[in-house]
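Numbering (the working numbering), first residue to last: 0 to 483.
A quick write-up on the structure given underneath.
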Amino acid sequence: MLNAANRTIWERDNLEILRGFNSNSIDLIYLDPPFNSNRNYSAPIGSEAAGAAFKDTWTLSDVDNAWHGEIAERNPALYQSLEAAELAHGKGMKSYLIMMAVRLLEIYRVLKDTGSIYLHCDPTASHYLKILMDIVFEKENFRNEVVWKRTSTKSLGKRYAVNTDRILYYVKSEGATWNQQYTPYDDKYIQKTYRREDEHGRWGTVDLSGGKAGSEQAYRPLKGIKPPPGRAWAPPARNRFPATAQALLPNNYEALDQLAKCQALDAASLLHWPESGTGRPRWKKYLSVMPGVVSGDLILDTPPVKGKERLGYPTQKPRALLERIIKASSNIGDWVLDPFCGCATTCVAAENLGRQWIGIDLSAKAVDLVKDRLKREVQIGEDGVLLGKVIHRTDIPKRTDTGKLPNYRTHKHTLFGQQEGFCNGCRRDFAFRDFEVDHIIPLSKGGTDHPENLQLLCSSCNRIKSNQTQEAFITILKERSLRR
Ligand SMILES: C[S@@+](CC[C@H](N)C(=O)[O-])C[C@H]1O[C@@H](n2cnc3c(N)ncnc32)[C@H](O)[C@@H]1O
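Rendered as structure tokens:
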């Protein structure tokens, strides 16, 4: 169960917050992180989002080296892929991917076994991110690389224009939630396929015959006309027709044999006979009961944000895009998380679709925008009252699924054995009594008392590390030549 309240927006680094969430607690995670696109984004002055800015360039100094070590420990294949990315693309890409990899490991942990994840990115790093996702979520759980046409085509000199984003869709297991989505037919198709109209609406026609059938009746002539050789009559189920047409069929329609069903359809004028009088009948397929075109992995029908929806927030995504994702991979009441929520497109879409949601963003501006946006864009309940209240938090949630952990100091003996008596800072050996148990990720930064977050340091190293990250600590030791 998630240890957070619905409609909470956190203003803090998402890694710290993710580390505080219970395992197996979220149904759908959509993330739209900075893309390593080598630019710093800021919202246009005067726009609603002015003041929001976030960094999209990465250098090793931005990244906690401790994460690198953590990744090596938790997932050696992931570590190797980061090394490969550095060789192929340089240190900046590696740093960006380290930043992403530690978060993906936490995301995997907090996602329910029936959960799904959508990682929004662009071709700058999508190929490297797909490798990380294949490793963390396992290649069998890859579902789609969705391509979203996000802008009109602009010339970029001697290459094809870049006007699409990528959305990497993975599930955690076979049992993941999936609701097929459809897009409306285009007018041309409707004109061509549904050319005729009667009292039940526009209709086209479908072959009334199908493969082999068990019953002999299915091969008998209908008004003197036989099904094609080797084929049988295959009348559709009652629910393939609009309600007004269904009302014309006998109540026991489903229990009839194929020939009797065809006769019932004919009596209700739901068959189309060719004008020549010798051809075979077809059944009438009505446009009003067709769901539309099955959504594919190429999204061309969702334009970039414009008009009233546009807040000026850098990289704001259209609500329609998020609605499609949320409807496909979650159900009413499910938990949706956006750990890089920006101006809260996901949260607004989730609220309107009756899902519970959590948003996280570093930027204080994002929090203000969420509140404003929810007031304006969330449909008001029948009683005229905005559904619920938005909670703004900056503290780290405390996991409630770990049971009561033993006092972290009880791990001292095990750690002494694991480290073979050497300090994890200066790498010198000490007597047992000279060691202190340290939290690798400090408690104040979302670390826990779990054994994997503990290490032994000699007392002087522990004083140096204090409340710092492992990276900052190791850097100091190196600067002072204190690390062997
Ligand atoms: C590409 S934007 C997301 C835009 C969003 N999908 C929308 O429609 O508004 C990325 C966001 O990630 C936030 N961000 C970057 N690093 C973060 C971190 N470590 N923790 C939380 N938020 C972060 C930025 O402040 C920015 O708002």
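Beta carbons: idealized from backbone N, C-alpha and C, even for Gly.
Computed from a predicted model, the values in this text were never measured in an experiment.
{"Check": "C-alpha gap between Q469 and S443, whole angstroms", "Outcome": "13 Å"}
{"Check": "G341: CB within 6 Å of a non-hydrogen atom of ligand 1", "Outcome": "yes"}
{"Check": "Ligand 1 heavy atom lying under 6 Å from the CB of K307", "Outcome": "no"}
{"Check": "N351 beta carbon near ligand 1 (any heavy atom closer than 6 Å)", "Outcome": "no"}
{"Check": "Where N2 falls, given that 16 or more other Cβ within 10 Å makes a residue buried", "Outcome": "exposed"}
{"Check": "H412 beta carbon less than 7 Å from that of L453", "Outcome": "no"}
{"Check": "Opening and closing residue of the alpha helix (DSSP H) in which L17 lies", "Outcome": "13-19"}
{"Check": "Cβ-heavy atom distance, S362 to ligand 2, below 6 Å", "Outcome": "What this structure holds is ligand 1, not ligand 2."}
{"Check": "Whole-number beta carbon distance between S208 and P235, since they are thought to touch under 8 Å", "Outcome": "Contact doesn't hold; Cβ gap of about 12 Å is too wide."}
{"Check": "Status (buried if at least 16 other CB within 10 Å, exposed otherwise) for A254", "Outcome": "exposed"}
{"Check": "Close-in-space but distant-in-sequence residues of the same chain around K260 (CB under 7 Å, 5 per side omitted)", "Outcome": "P234, Y252"}
{"Check": "Within 7 Å, strictly: CB atoms of W334 and C346", "Outcome": "no"}
{"Check": "Rounded straight-line distance, which links the Cα of V436 to that of S458", "Outcome": "9 Å"}
{"Check": "Among R375, A365, I324, nearest to D26 - alpha-carbon criterion", "Outcome": "I324"}
{"Check": "Contact test: T393 Cβ vs ligand 1 heavy atom, cutoff 6 Å", "Outcome": "no"}
{"Check": "Any 3 or more C-beta pairs closer than 8 Å across the region 155-168 and the region 179-196", "Outcome": "no"}
{"Check": "R230 beta carbon less than 7 Å from that of L495", "Outcome": "Since the first residue shown for the chain is 0 and the last is 483, residue 495 is missing from the structure and cannot be characterised."}
{"Check": "Contact between the region 143-159 and the region 101-111 (3+ Cβ pairs under 8 Å)", "Outcome": "no"}
{"Check": "First and last residue of the uninterrupted beta strand (DSSP E) at S362", "Outcome": "That residue, S362, is in no beta strand (DSSP E); it is neither H nor E in DSSP."}
{"Check": "Segment contact flag, the region 336-354 with the region 288-296, C-beta cutoff 8 Å, min 3 pairs", "Outcome": "no"}
{"Check": "Span separating the alpha-carbon of L414 from that of E139", "Outcome": "36 Å"}
{"Check": "Where G223 falls: helix, strand or coil (DSSP)", "Outcome": "coil"}
{"Check": "Cβ-Cβ distance between A175 and T277 below 7 Å", "Outcome": "no"}
{"Check": "Proximity test, K444 beta-carbon vs ligand 1 heavy atom, cut-off 6 Å", "Outcome": "no"}
{"Check": "Reduced DSSP secondary structure (H/G/I, E/B, other) of K211", "Outcome": "coil"}
{"Check": "A430, buried or exposed, once every other Cβ within 10 Å from all chains shown has been counted against 16", "Outcome": "exposed"}
{"Check": "Bridge partners - L167, DSSP secondary structure assignment", "Outcome": "L118, E144"}
{"Check": "Contained alpha helix (DSSP H) runs [length at least 4] in the region 395-449, N- to C-terminal order", "Outcome": "411-417"}
{"Check": "Residue interval of the beta strand (DSSP E) (run including Y285)", "Outcome": "281-285"}
{"Check": "Check: I359 C-beta below 6 Å from any heavy atom of ligand 1", "Outcome": "yes"}
{"Check": "Start and end residues, alpha helix (DSSP H) containing I500", "Outcome": "This structure does not reach residue 500, given that the chain is present from 0 up to 483, and the question cannot be answered."}
{"Check": "C-beta contact flag for W282 and V205 at 7 Å", "Outcome": "yes"}
{"Check": "Cβ contact (3+ pairs, closer than 8 Å) linking the region 70-77 and the region 118-128", "Outcome": "no"}
{"Check": "Separation of T344 from E137, as counted between CA atoms", "Outcome": "28 Å"}
{"Check": "Alpha-carbon to alpha-carbon, A471 and D61", "Outcome": "Annotation note: pLDDT 47 at D61 (below 50); position unreliable, coordinate value reported separately. In a straight line, the C-alpha of D61 is about 11 Å away from that of A471."}
{"Check": "Residue closest to D12, alpha-carbon to alpha-carbon, out of A217, A263, G341, C425", "Outcome": "G341"}
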